[in-house]
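S.K.: The structure that follows is given in the form of structure tokens.
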Amino acid sequence: MISSPFPVLIIVVPLISAFLIVIAGLIKKSLCYPLMILSLSASVLSSLAILNDVLSHGTVHYRLGGWPPPWGIEYVIDHLNAFVALIVSAISLLIGISAKRMVERDFPGKSAYVYCLFVLQVTGLLGIVVTGDVFNLYVFLEIASIAGYALIAIGEDGAPFASFNYMIYGTIGACFYLLGVGYLYIVTGSLNMADLSKLLPGLQSSKVVLMAFAFLMVGIAVKMALFPLHVWLPDAYTYAPSPVSALVAPLTTKVGAYVMIRILLTVFPPSFFIETVPAALLLRWLGGFAVLFGCIFALAQTDFKRMLGYVLIAEIGYIALGIGFGNRNGLTGSILHILNDGLMMASLFLIVGAITYKGGPRKMARFTGLHGKMPLTMAAFVVSALSVVGIPPTCGFFSKWYLVLGGIDSKQWLFVAVLLASSLLNAILFFRVIEKAYFEPSMDEQGVDRKALNPTGGQQNILSNKVKIDEAPLTILIPILIMAAGVLSVGLLSGRIVSGIIRFAIPAHF
Amino acid sequence: MIWQIDLILLAFVLVCALASLMVKDLLSSAVIFGAYSFFMCILWAEMGAVDVAFTEAAVGAGVSTIFFIVAIVKTTRRTKD
Amino acid sequence: MINPVPPAFIFILGAFLVPFLKGRPKQAYLLLLPLLGFIDLFLLTMGIEWEIRFLSYDLVLLNVDRLSLTMGIIFISVGLLAILYSLRVKENGQHVAALLYMGSSLGVVFSGDYFSLFFFWEIMAVASAFIIWYRKEKPSLDAGFRYLLMHIIGGGALLTGIILKVVSTGTIAVEPLTAGLASTLILVGFGLNAAFLPLHTWLPDAYPEATVTGSIFLSVFTTKTGVYALARSFSGNELVAYMGGAMALFGVIYALLQNDTRRLISYHIISQVGYMAAGIGVGTALSINGGVAHLANNLLYKTLLFMGMGSVIHMTGKRRLTELGGLAGKMPITCITCVIASLSISGAPGFNGFVSKGMLLSSMAESGRPLLEWMLRLASVGTFLSFTKLCYFTFFSKNDRIQAREAPLNMTLPMVTIALLCLLTGIYPGLLFSILPHAPAGYHAYTPSHIIGVLQLFLWAGSVFILARGAFSPHSWIILDFDYFYRRGFQWVGGFFTGPLNEWRLRIQSWSSSGVNHLALLSRNPLGLLEMTADGKLRAYDENFYRKPMGLGVLLAILLLFLYSLIYLISS
Amino acid sequence: MTSRFDDVIIQTVCRILIPFIQIFGLYVIAHGHSSPGGGFQGGVILGASFILLCLSYDIKEMKRRLSRKRAILFSALGVIIYAGIGLLCLLLDGNYLDYGRLHRILPVDPVRARSMGILGIEIGVGMTVMAVMVTIFIDLASEEEKRN
Amino acid sequence: MEVVTSFKPLLALSVSAIAALLILLTGERRRNLREGWTFAAALVKFFIVVSMIPAVLDGKVIECSLVQLFPGVSLQFRVDAFGLFFATLASFLWMATSAYSIGYMRGLRSHAQTRFFFCFAFALHGALGIAFAGNLFTLFIFYEILTVSTFPLVAHKETGEAISGGRKYLAYLLSGAALVIFSMGVTYSLTGTLDFKSGGFLQGHGSDGLLRVLFAAFILGFGTKAALMPLHEWLPTAMVAPTPVSALLHAVAVVKAGVFCVLRVILYVFGPDLLSGLHLGIVLASFASLTVLLSGMLALAQDNLKRRLAFSTINNLAIIILGASLLSPSAITGGIFHIAAHGFMKITLFFAAGAIYVKTHLEKVSELDGIGKSMPITMASFAVAALGIAGIPPMAGFISKWYLCLGSLEAGQIVFLFVLLGSALLDIAYFGPIIYHSFFKKPVGRQHCGLDEASLWMVIPIAACAALSILFGIFPNAFVHFFDIASLVAKSALGTN
Amino acid sequence: MKLIALIAVSLTGAILIYGTADMPDWGDPGSPASLHVSPRYIEKSVEETQVPNIVTSVLADYRGYDTLGETTVIFTAGIACILLIRRFGR
Amino acid sequence: MEFIIGKYNYWIYICLMMIGFYAMIGKRNLVKKLIGMNIFQTSIILFFVSTGSKKGATIPIVEHGARAVEAVRYINPLPHVLMLTAIVVMVSTFGVALALLMMIYRRYHTLEEDEILGFRK
């Protein structure tokens with residue numbers, strides 16, 4: 000059976016180019032970056048093509064090695080897959096573009112390896128997303144994880160320890176997942192998701208299936224940093240180099256969330272996690288706590304990047320909450336939030352990257368007057384921040400809206416309240432920063448006449464012995480702006496996205 | 000597959016695992032861990048998983064023990080527990 | 000053919016041109032306006048004109064009948080005189096306010112529906128308040144403010160009544176009203192302007208505080224529109240009739256007690272309005288005629304009195320009877336005109352007051368209300384007494400310390416004119432009768448019995464005054480009026496608003512602010528609560544404090560696994 | 000392991016042994032079809048032979064045989080071979096990694112072509128594993144002693 | 000009802016967004032051009048909005064649907080009478096405000112003017128979006144845009160006080176917005192639609208208890224913006240903003256938008272029938288009356304001029320809500336008309352306060368003695384507007400007062416009539432002293448040397464707004480048919496045509 | 000910590016052991032794992048791939064893609080080690 | 000008894016896993032933690048291999064020339080394949096972990112977690 004090669008190209012092109020990058024790095028370093036960009040663009044295009052296929056013809060199957068499903072590995076790309084794959088590849092392309100200057104300045108000799116691991120990380124994440132085989136998923140999970148450990152560890156001072164920490168948790172998570180797969184295998188004999196979903200309904204009462212479910216849930220929860228298993232996240236993402244945290248932070252957790260949705264909806268019968276076992280209930284509670292916990296801890300932070308880490312935990316909480324509502328709107332919210340949060344977080348992390356790239360501060364207390372120095376970056380920051388807060392028409396609002404709808408539909412008033420309260424907490428979080436950046440003159444200008452404060456930037460030659468901060472180079476700035484524009488336009492197009500894609504991604508009987 | 004042998008091997012494995020954790024010297028710990036891998040490998044061979052056993056022998060008992068020892072030599076043998 | 004416009008427009012629109020003129024042209028312009036008004040009045044034809052559609056209502060801006068025409072003529076003519084009198088005033092604002100005031104009262108007079116009536120009514124209130132304020136002194140500012148508040152309250156009552164009427168009857172045309180909540184409220188509204196008894200306090204409070212020229216305008220329009228409105232809607236209302244009687248008496252009694260000249264006259268306004276109200280309340284053709292005639296006369300002599308007192312104040316700067324005296328020689332014209340006015344108001348034969356009072360009294364008698372009749376007669380005695388007092392202590396008693404000259408021509412001229420008019424109408428009542436709303440069916444003013452009766456009264460009262468002059472000599476007492484309670488009420492309420500209420504607000508505000516501040520503080524480090532040290536201070540956030548050994552996380556993972564499995568195994 | 004084991008016996012034994020070990024490794028790779036073993040195990044054995052070289056001589060000797068660059072190149076090439084074969088199948092109108100399609104360029108029938116394909120990828124795996132093992136070892140071992 | 004599809008609403012909306020961007024790009028260096036953008040955008044916007052009036056008066060509805068946001072709800076602009084009313088007002092007053100703020104900002108040599116004008120244009124964008132929103136969701140989007148874009152305006156001074164005022168503003172409004180999200184969610188899950196419909200679309204959905212809670216949530220949510228009494232605290236605090244902002248905040252955009260939203264909820268979401276069926280109108284009316292009276296009383300106690308105006312605003316907003324919650328045709332008409340009437344009058348008042356501040360840096364009522372001498376036009380306009388607020392004819396306030404009173408009787412609730420009258424009295428009580436002190440009291444310790452008006456940029460808008468508030472009192476249908484539109488709204492909401 | 004660890008570990012162990020109750024017995028030829036997918040590998044391996052070592056045929060052909068991933072993992076680890084430990088440019 | 004004989008393999012895997020866990024939780028030394036992690040991983044491999052075992056079957060290499068191949072005669076090869084991959088993943092992780100340990104040691108000169116945390120404070 001010959002089918003369109005796009006599903007596999009999503010993975011294989013970056014995979015091969017990752018190897019080529021290393022070779023290129025041995026020959027001529029300047030080749031690495033274009034190679035990376037080319038491969039990432041190729042996978043974006045393939046994801047687009049796939050999405051198009053899926054939209055026009057329904058689920059796309061691709062048999063690797065030509066073997067029929069339960070025996071060979073199969074790529075099953077439905078709306079959910081295609082959607083998440085596009086998100087992952089597109090965001091990583093943008094981050095990839097922005098990585099150039101940062102990587103080449105911070106890791107001059109190692110850039111080829113960083114790019115290689117970068118591409119491998121993306122490949123791993125994409126592999127997780129497109130596959131239809133539970134074990135294949137594990138393999139790609141590990142590719143992504145190992146690349147992630149390494150990339151995080153090359154960050155600043157505390158990074159290796161944070162990375163080691165992450166590795167311990169990550170391994171536990173992956174192993175739990177593997178155990179879950181093993182438990183499923185022992186009662187069904189199959190590793191194919193579609194096959195499993197056919198076999199599992201008859202086995203729902205088996206203790207093994209229950210244990211498998213528990214293992215899977217905990218394993219994925221670790222990977223997606225769901226409270227209380229998020230412990231690794233703040234350190235890891237704080238100390239990672241900027242482009243890495245911009246890539247890893249938004250995407251890894253989102254892909255984890257995707258896996259959870261996939262397992263809950265496709266592999267197990269959806270009624271399983273809602274009715275048979277109280278998984279939805281647990282997810283709700285954990286999600287609710289994650290939201291509050293993340294927000295409160297984020298409030299306590301002084302370091303902007305670390306704060307983003309905790310915000311990320313809260314965002315994961317949203318997704319879990321949405322899944323936990325166990326109805327169409329809640330799931331729609333969760334899936335939409337994968338996209339939205341990916342965009343927002345990537346943008347925010349990249350903005351931190353841009354600021355630190357220019358020698359700017361990471362402590363929020365020293366953000367004063369940044370808006371004059373990096374007007375466009377800060378404008379993008381405002382947009383993304385508003386999106387996290389959930390101000391329409393930015394995209395963050397829409398996913399929150401679906402989540403609230405989901406909560407209302409399932410009459411979970413407490414969690415609706417949590418959702419609403421969290422957006423207030425987020426508002427405090429981000430408006431605090433906005434205030435600093437926009438309404439307080441910067442440290443070195445406080446003595447200078449207010450009139451000299453030129454809001455459009457450009458001509459500020461204030462005497463200062465510090466690093467002169469101005470707009471980041473275009474390779475960083477443009478992705479930031481694109482993402483900010485994305486945050487806005489995705490918000491407005493969310494209707495299309497939901498009715499065109501996400502609607503089909505959720506089983507019909509919801 | 001003889002369950003008596005199986006059981007003995009399992010016991011060995013358990014003992015090695017515990018020992019490698021209890022020893023207060025990392026180098027010995029690494030060596031015992033190599034032994035653990037070795038017993039594991041025999042166990043798998045006994046269970047009929049020859050390929051896995053082969054791999055474990057090459058990797059677990061072999062290369063990774065070497066890595067381990069190298070790493071410990073390059074860092075420290077000291078441990079408090 | 001020039002179509003007539005509502006006279007109100009001439010004045011209201013005309014008012015806005017005043018600030019752009021200066022000097023002589025302005026004076027000419029000011030005099031031109033009432034003349035235009037006259038021309039306009041003569042062009043008017045009876046009936047309803049200027050019916051315009053405003054929102055969902057048909058407004059009648061020009062409802063011309065004999066009554067309104069009478070009022071129009073009276074208002075414009077007195078207005079002309081008042082303008083003449085105040086021609087020297089330099090401040091544009093005062094002219095503007097006066098013209099607006101005049102215009103709006105004319106508007107009230109000619110409006111044929113309650114909507115436009117109310118419309119002009121309110122403008123009148125505000126414009127008159129400005130006239131009071133223009134004296135620019137603390138007492139007048141406050142009094143003006145009180146005046147405005149009272150009128151807003153009255154306006155509110157009126158509005159309520161009107162709206163109730165509109166809702167219940169569906170029409171807004173001005174028409175006689177019968178009993179009911181709506182009419183009561185409208186009555187209260189009109190009554191406030193007409194200085195009905197407990198609502199009269201604004202009048203003696205504010206009028207004496209207005210500017211010299213301003214008080215003339217004030218005396219002309221506000222109360223008279225009230226009376227006019229009563230005549231339109233409440234003629235033949237017993238309550239109004241007896242209220243009128245009571246007012247007549249009350250005003251006189253309080254007037255007798257006053258020391259301030261203009262305050263004295265102000266109380267007399269109440270009293271005189273009482274006469275008119277009584278006339279209207281009785282509601283026969285004669286009594287209404289009497290009321291309106293009295294209105295016209297009253298306007299004349301009251302204006303004259305205010306002018307006289309105004310020129311006294313203007314020339315001497317003094318306003319209390321205790322400080323005045325002996326001006327007869329120094330200001331002869333003023334003195335004579337004032338005496339004429341006093342006689343008129345007292346209803347001496349030959350003066351116009353005699354005619355209208357006579358009409359009123361005989362209408363009372365005819366309709367069989369002896370009580371009312373006697374109330375009015377008694378008031379009449381009081382009037383005579385009080386004006387004797389006024390004239391005596393202003394012009395004839397001895398006072399050597401006072402320096403004065405005669406008032407300027409533009410002041411004396413209208414005074415003389417009005418004095419002549421008083422005499423004229425007194426002597427030829429037909430002149431008056433020709434403009435009355437109802438055809439004067441065979442009423443003769445100068446019947447012997449009437450003349451004798453009046454003279455008897457005067458004689459008696461005069462002897463009382465001579466005998467007990469000491470008792471009437473002015474004192475600088477504080478005289479308690481209802482006013483006291485209102486002011487106290489206002490003070491208390493205002494004090495409550497600015498005091499305790501605001502304090503509550505501040506307290507609530509400070510709670511909320513401190514709440515927000517605490518939240519802000521807490522939001523800076525919500526975990527500070529957890530790390531609160533023994534001395535209760537929030538510690539700065541320290542991320543290392545929260546970096547637990549990784550074993551804890553693993554423990555959490557395994558515990559979560561345990562929990563999950565436990566729950567699943569149990570629940571399935 | 001910068002210090003030298005100046006032990007002639009060990010060095011000699013190793014020098015003799017290492018080629019055999021390497022041949023065995025190649026055998027394991029090639030014979031994975033019909034006996035336990037395959038690219039991975041073979042690769043590890045090959046890698047171990049180099050590690051043995053290092054242990055018996057020193058790391059420079061090893062680097063002389065298999066320099067870092069070359070190791071990296073090998074590791075990348077190995078995976079490229081693997082993925083490339085897959086891609087080749089794709090280019091030959093098959094699915095990815097559908098070795099059966101290789102019969103179009105190989106003079107064999109599809110089933111046989113599968114076997115050949117497997118061999119090809121085993122070689123790739125072996126290369127990568129060997130190179131990576133060596134790389135990791137070199138990196139771990141060439142870490143300088145504690146400074147300051 | 001005839002529906003016309005047109006891009007005009009979108010055009011009108013985008014004008015200010017584009018203007019905002021142009022302002023940002025033009026920046027500080029070419030100030031004249033920057034302010035030119037503001038002004039031009041205001042003009043263009045106004046004419047676009049006005050051009051829609053004839054069609055709407057004919058009973059047509061102009062629609063412009065963009066993208067579907069989720070099933071049953073799209074980003075939709077739908078210009079009905081009510082929306083057009085608010086849009087006309089907002090765009091009209093934007094012209095005045097933009098002229099004025101040029102004078103104000105330059106007069107004070109303020110910093111960060113680009114940010115100011117940018118946010119200003121954006122706030123108008125939000126306000127117009129609210130006006131044209133065809134459904135609750137679109138409305139909420141622009142509601143939030145408005146909230147956020149006003150925050151920099153409130154905190155414009157960058158002092159501690161200003162920033163904390165801004166914080167408070169945000170805290171209140173975002174909490175309110177959270178409630179709105181909640182109630183919107185409930186509405187959607189009950190009905191599956193959020194499109195406004197004259198007479199409401201919630202009838203027949205959900206239990207009575209739920210609907211009551213829902214209504215409370217809606218009112219509390221939007222009520223924060225409309226500064227309904229227990230939620231009003233932010234408004235006096237937000238007075239630290241520059242005066243054009245306060246004017247914008249109080250007269251044009253923000254609080255009016257809140258009231259507009261409340262009215263939308265009352266008339267187009269719940270609908271009069273449902274509300275009276277649930278006896279909710281009377282409850283809301285009672286709350287509103289409480290606000291009316293209390294805020295009036297509190298205004299009396301304020302010495303800071305702008306704060307007094309702020310309380311007056313609270314008072315008037317509550318009056319509008321009171322009108323709508325009475326659910327009788329005249330009351331609704333009056334309430335809606337009062338949106339415009341109050342808009343013109345209150346903006347005059349704020350402009351005057353700002354002009355005084357620019358010239359003399361005085362902010363307290365007690366310091367204004369005799370200022371009428373030096374700034375006669377400003378203070379005359381102030382007096383006109385203040386009297387208009389109290390409902391004195393011929394100012395526009397009278398028309399609304401009349402209809403509100405009428406409406407309260409139509410609803411059979413005479414109590415509220417007294418509330419309205421009481422509030423008028425209070426209005427006089429707190430504005431009267433300002434008027435007569437400023438005109439007639441002699442200044443203490445300060446010499447006013449003759450005429451000293453602010454720049455023409457400020458005086459002209461002030462005088463124009465004052466003149467308009469008289470004009471709309473005499474000709475309520477002048478130019479833009481405010482009254483006709485208002486009564487059209489009432490009619491359609493009550494289903495009488 | 001150690002005590003808690005011990006307790007947690009034994010509790011979890013206990014529940015896991017309890018969870019094994021429904022598993023097919025060790026070495027049961029009738030277990031689903033032996034019946035569902037694997038028979039084809041065993042029966043068709045030689046026929047389809049000409050590889051007698053079923054593990055190899057499954058590893059490299061039926062599930063060859065997993066092995067590609069596995070090799071990539073190895074490669075990743077190698078690159079990771081280089082990136083982490085190797086010092087450049089000194 | 001039947002139960003024990005039938006399941007003991009799984010139990011041992013659980014024991015190993017718990018030992019690994021205990022090491023990860025209770026041991027402060029990072030190397031010990033790493034060993035614990037490895038034991039944990041091998042226990043999973045043990046589990047998988049156990050699932051593939053089949054009584055009375057032989058290793059999954061088809062005898063040369065065998066005609067009809069019966070599935071019952073050979074051990075299930077799939078878990079072995081999976082575990083080969085898992086072992087590779089394990090060793091890769093292990094390699095990276097060692098690299099990380101060396102980096103950590105380079106920075107802190109200790110591998111005791113509490114000392115590192117104390118150092119950071």
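In the order they appear, the protein sequences are chains C, V, S, U, F, X and P. Heads up, the final residue of the first sequence is numbered 509 in numbering that gives the first Met the number 0, and it's a clean run with no missing numbers. Heads up, the final residue of the second sequence is numbered 80 in numbering that gives the first Met the number 0, and it's a clean run with no missing numbers. Heads up, the final residue of the third sequence is numbered 571 in numbering that gives the first Met the number 0, and it's a clean run with no missing numbers. Heads up, the final residue of the fourth sequence is numbered 147 in numbering that gives the first Met the number 0, and it's a clean run with no missing numbers. Heads up, the final residue of the fifth sequence is numbered 496 in numbering that gives the first Met the number 0, and it's a clean run with no missing numbers. Heads up, the final residue of the sixth sequence is numbered 89 in numbering that gives the first Met the number 0, and it's a clean run with no missing numbers. Heads up, the final residue of the seventh sequence is numbered 120 in numbering that gives the first Met the number 0, and it's a clean run with no missing numbers. Note that beta-carbon positions come from the ideal geometry of N, C-alpha and C, so glycine has one too.
#1: State the DSSP-derived secondary structure class of Pro46 (chain S), mapped to helix, strand or coil.
#2: Have a look at Gly329 (chain C) and Val403 (chain C) and give me their C-alpha separation to the nearest angstrom.
#3: The stretch 2 to 33 of chain X: which residues have C-beta closer than 8 Å to a C-beta of chain C, in chain order?
#4: Consider the C-beta atom of Pro106 (chain U) and the heavy atoms of the ligand GDP; say whether any pair is separated by less than 7 Å.
#5: Are the Cβ atoms of Leu82 (chain V) and Glu45 (chain V) separated by less than 8 Å?
#6: So what does Leu61 (chain S) bridge to, in DSSP terms?
#7: Please determine, among F:Ala132, F:Ala98, F:Val147 and F:Glu143, the residue with the shortest C-alpha to C-alpha distance to Ile346 (chain F).
#8: Using the Cβ count rule (16 or more neighbours within 10 Å means buried), how would you classify Gln490 (chain S)?
#9: Would you please verify whether the beta carbon of Arg62 (chain X) is less than 8 Å from any beta carbon of chain P?
#10: Between the Cα of Met45 (chain S) and the Cα atoms of S:Leu61, S:Ile130, S:Val380 and S:Leu554, which residue gives the shortest distance?
#11: Rank S:Val338, S:Asp39, S:Leu54 and S:Ala128 by C-alpha distance to the C-alpha of Leu386 (chain F) and give the top, closest one.
#12: Give the C-beta separation of Met363 (chain C) and Glu314 (chain C) to the nearest angstrom, bearing in mind that I take them to be a contact with Cβ-Cβ under 8 Å.
M.R.: Taking the geometry as given:
#1: Inspection of the sequence shows that residue 46 (chain S) is occupied by Gly rather than by Pro. Gly46 (chain S): strand per DSSP, three-state reduction.
#2: 8 Å
#3: Along the stretch 2 to 33 of chain X, the positions whose C-beta sits under 8 Å from a C-beta of chain C are Leu15, Tyr17, Gly18, Thr19, Ala20, Asp21, Met22, Pro23, Ser30, Pro31, Ala32 and Ser33, read in chain order.
#4: Among the ligands in the structure shown, none appear at all, so the ligand GDP cannot be discussed.
#5: Residue numbering for chain V in the displayed model covers 0 to 80; residue 82 (chain V) lies beyond these limits and cannot be assessed.
#6: S:Glu48
#7: F:Ala98
#8: exposed
#9: With its beta carbon less than 8 Å from one in chain P, Arg62 (chain X) belongs to the interface.
#10: S:Leu61
#11: S:Ala128
#12: No, Met363 (chain C) and Glu314 (chain C) are not in contact; Cβ-Cβ is about 19 Å, not under 8 Å.
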